[in-house]
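Everything below concerns the one structure shown next.
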């Protein structure tokens with residue numbers, strides 16, 4: 001720390017350790033002992049706020065000469081207690097919030113402080129542990145405390161490469177710069193007795209322009225929720241209550257909106273090149289931030305409808321609060337290496353149309369990465385055959401889901417849009433013996449082997465763009481139009497064209513573009529295609545194609561006749577008659593159409 005001060009001329013504050021207690025004196029003693037054992041320099045103070053313990057904690061505190069303390073006569077909860085402690089600290093000290101059921105290890109606090117002062121924009125740092133939520137738990141599990149101590153000695157070696165930027169840090173051990181805390185304010189006592197006050201504080205720090213660092217070189221042993229854990233029902237009720245409070249304050253669900261989709265991140269190819277990644281429905285951007293941590297050369301972008309969540313993600317990524325179904329993006333076409341749809345497509349009214357639109361923003365060899373719930377999961381089928389299709393707050397039948405997919409339908413959608421190298425993996429849930437029997441029985445009803453599909457909860461898709469094939473399709477369309485222009489194999493050419501339109505190989509814009517660039521008899525061909533589409537009930541492109549013909553030659557009798565005839569068939573008789581009335585000349589066919597529509601023949 002001294003070298004850090006001298007090398008970078010950084011002012012490093014002393015720090016105050018805030019510990020709340022409610023009984024569990026033995027844990028508190030071990031925590032205090034570990035702090036003193038591994039932090040010999042006199043640059044900190046310990047502040048304990050006791051929430052009306054009855055196990056001798058208050059008597060023990062009164063005997064401590066080197067600890068500041070507050071003795072509450074009631075349990076004021078975690079946020080209020082922490083704020084009380086902060087009030088009596090040295091005013092310039094950084095604040096270290098620490099649970100009393102922790103044990104500080106060698107270099108734990110030192111490395112947190114190194115991380116905190118590694119950059120002036122770092123607002124807070126957090127440690128890893130054996131018992132902690134939000135992706136701060138180490139991967140190793142040991143049987144004894146001594147083994148965790150050995151792990152700490154190997155792990156807690158100062159290493160700035162171990163830092164990870166985070167959306168939030170768990171408050172069991174969080175070190176906060178004092179000037180940052182002074183700017184954003186203390187813990188929000190709205191969340192008393194506890195839960196989500198640390199999430200709330202973290203988001204306020206981020207919106208103030210600071211970053212949060214997880215210091216993986218700082219391991220702290222944590223027994224885990226020794227106070228809350230004694231009454232699981234009360235804990236669950238408090239969690240539900242504060243979940244609602246958080247949503248009311250911030251406008252989004254913290255757990256849902258900060259979920260890191262590691263299974264999606266794992267689909268990104270390992271490389272050091274610059275990559276452009278867009279996540280549709282990025283929420284607060286936790287997955288994007290993890291991608292940036294893993295691939296520092298990545299450029300991250302997001303689209304998020306919830307403006308509050310988008311604002312947080314926008315502090316570190318290019319994020320727009322837009323409805324993906326209503327917009328054309330302002331990004332360059334062929335820009336992204338990866339576009340992510342993590343549990344998004346099922347929320348869209350027309351997921352296929354959105355995928356088709358987003359495809360053009362992929363590079364030629366770019367990928368769509370998606371996760372999609374499996375509506376064939378046995379739990380859904382089991383409910384369905386018993387007459388139930390009950391929407392829930394989360395899961396496959398999430399009440400916000402609009403579309404539902406099976407493996408076959410997913411494959412059809414991606415194949416239809418000409419993706420290639422479509423790889424599919426899946427997640428599953430634990431299945432009881434009773435449900436295994438149920439799956440065996442319903443599998444026998446299928447004509448094909450779908451047993452495994454009943455067991456899979458969600459599909460993970462990686463699909464490569466295929467613009468080269470798209471160019472071949474355009475070349476084929478160009479060839480068809482030239483044949484129609486020169487009246488070669490007209491019937492066969494029309495048949496092939498209509499099939500390709502029905503297969504969504506191209507739309508009216510592409511048809512119009514090819515006709516414009518490659519044919520002589522443009523109006524005639526447009527009319528021919530429009531009338532054949534109408535006769536084959538491909539209605540959605542008929543009017544746009546006829547409008548293009550009208551734009552080229554407004555006085556063309558055939559175009560006006562076709563427009564009027566089809567508009568009248570669609571119930572737009574007034575608009576149909578308007579087209580006929582604009583004509584300076586007429587013929588018998590047009591006069592008959594006027595009578596059908598309800599007008600009079602010209603000159604009579």
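In the UniProt record's numbering, the protein residues as written are 1 to 604.
Think of the CB as a built atom: it goes at the ideal place given N, C-alpha and C, for glycine as much as any other residue.
N- and C-terminal bounds of the alpha helix (DSSP H) containing residue i
{"i": "residue 174", "result": "Looking at the DSSP string, residue 174 is not in any alpha helix (DSSP H); the run it does join, the beta strand (DSSP E), is 173-176."}
{"i": "residue 28", "result": "25-38"}
{"i": "residue 379", "result": "378-384"}
{"i": "residue 232", "result": "232-250"}
{"i": "residue 594", "result": "588-597"}
{"i": "residue 521", "result": "That residue, residue 521, is in no alpha helix (DSSP H); it is neither H nor E in DSSP."}
{"i": "residue 279", "result": "Segment 275-280 is the beta strand (DSSP E) holding residue 279; no alpha helix (DSSP H) there."}
{"i": "residue 264", "result": "262-265"}
{"i": "residue 437", "result": "433-443"}
{"i": "residue 152", "result": "145-155"}
{"i": "residue 490", "result": "490-502"}
{"i": "residue 200", "result": "197-207"}
{"i": "residue 11", "result": "It is not in any alpha helix (DSSP H) - residue 11 carries neither H nor E in the DSSP assignment."}
Residue range of the beta strand (DSSP E) that includes residue i
{"i": "residue 166", "result": "163-166"}
{"i": "residue 122", "result": "122-129"}
{"i": "residue 302", "result": "298-303"}
{"i": "residue 68", "result": "67-72"}
Span separating the alpha-carbon of residue i from that of residue j
{"i": "residue 354", "j": "residue 325", "result": "6 angstroms"}
{"i": "residue 78", "j": "residue 296", "result": "37 angstroms"}
{"i": "residue 396", "j": "residue 223", "result": "35 angstroms"}
{"i": "residue 147", "j": "residue 25", "result": "24 angstroms"}
{"i": "residue 464", "j": "residue 583", "result": "51 angstroms"}
{"i": "residue 522", "j": "residue 549", "result": "7 angstroms"}
{"i": "residue 383", "j": "residue 391", "result": "11 angstroms"}
{"i": "residue 495", "j": "residue 514", "result": "18 angstroms"}
{"i": "residue 305", "j": "residue 164", "result": "27 angstroms"}
{"i": "residue 554", "j": "residue 526", "result": "13 angstroms"}
{"i": "residue 575", "j": "residue 502", "result": "28 angstroms"}
{"i": "residue 403", "j": "residue 263", "result": "22 angstroms"}
{"i": "residue 69", "j": "residue 120", "result": "31 angstroms"}
{"i": "residue 97", "j": "residue 172", "result": "7 angstroms"}
{"i": "residue 476", "j": "residue 366", "result": "24 angstroms"}
{"i": "residue 381", "j": "residue 387", "result": "10 angstroms"}
Which listed residue (the options) has its alpha carbon closest to that of residue i
{"i": "residue 361", "options": "340, 205, 314", "result": "340"}
{"i": "residue 209", "options": "574, 200, 122, 286", "result": "122"}
{"i": "residue 279", "options": "242, 455, 321", "result": "321"}
{"i": "residue 133", "options": "63, 61, 240, 199", "result": "199"}
{"i": "residue 180", "options": "160, 172, 212", "result": "212"}
{"i": "residue 532", "options": "509, 497, 507, 589", "result": "497"}
{"i": "residue 259", "options": "243, 275, 282", "result": "282"}
{"i": "residue 50", "options": "173, 177, 74", "result": "74"}
{"i": "residue 375", "options": "368, 346, 506", "result": "346"}
{"i": "residue 12", "options": "178, 302, 274, 239", "result": "178"}
{"i": "residue 142", "options": "100, 58, 113, 221", "result": "221"}
{"i": "residue 30", "options": "99, 80, 87, 53", "result": "99"}
{"i": "residue 428", "options": "455, 422, 410", "result": "455"}
{"i": "residue 401", "options": "182, 408, 389, 202", "result": "389"}
{"i": "residue 460", "options": "424, 544, 572", "result": "424"}
{"i": "residue 565", "options": "551, 342, 76, 534", "result": "534"}
Per DSSP, the bridge partner or partners of residue i
{"i": "residue 45", "result": "16"}
{"i": "residue 458", "result": "373, 427"}
{"i": "residue 621", "result": "The question about residue 621 has no answer, for the chain in this structure spans 1 to 604."}
{"i": "residue 420", "result": "464"}
{"i": "residue 98", "result": "19, 173"}
{"i": "residue 215", "result": "127, 163"}
{"i": "residue 103", "result": "221"}
{"i": "residue 137", "result": "129"}
{"i": "residue 398", "result": "392"}
{"i": "residue 405", "result": "374"}
Threshold first: 4 residues or longer. Then list the alpha helix (DSSP H) segments lying entirely within the stretch 312-392, N to C. 351-359, 378-384
4-residue-minimum alpha helix (DSSP H) runs that sit fully inside the stretch 522-573, ordered along the chain: 522-535, 542-552, 557-569
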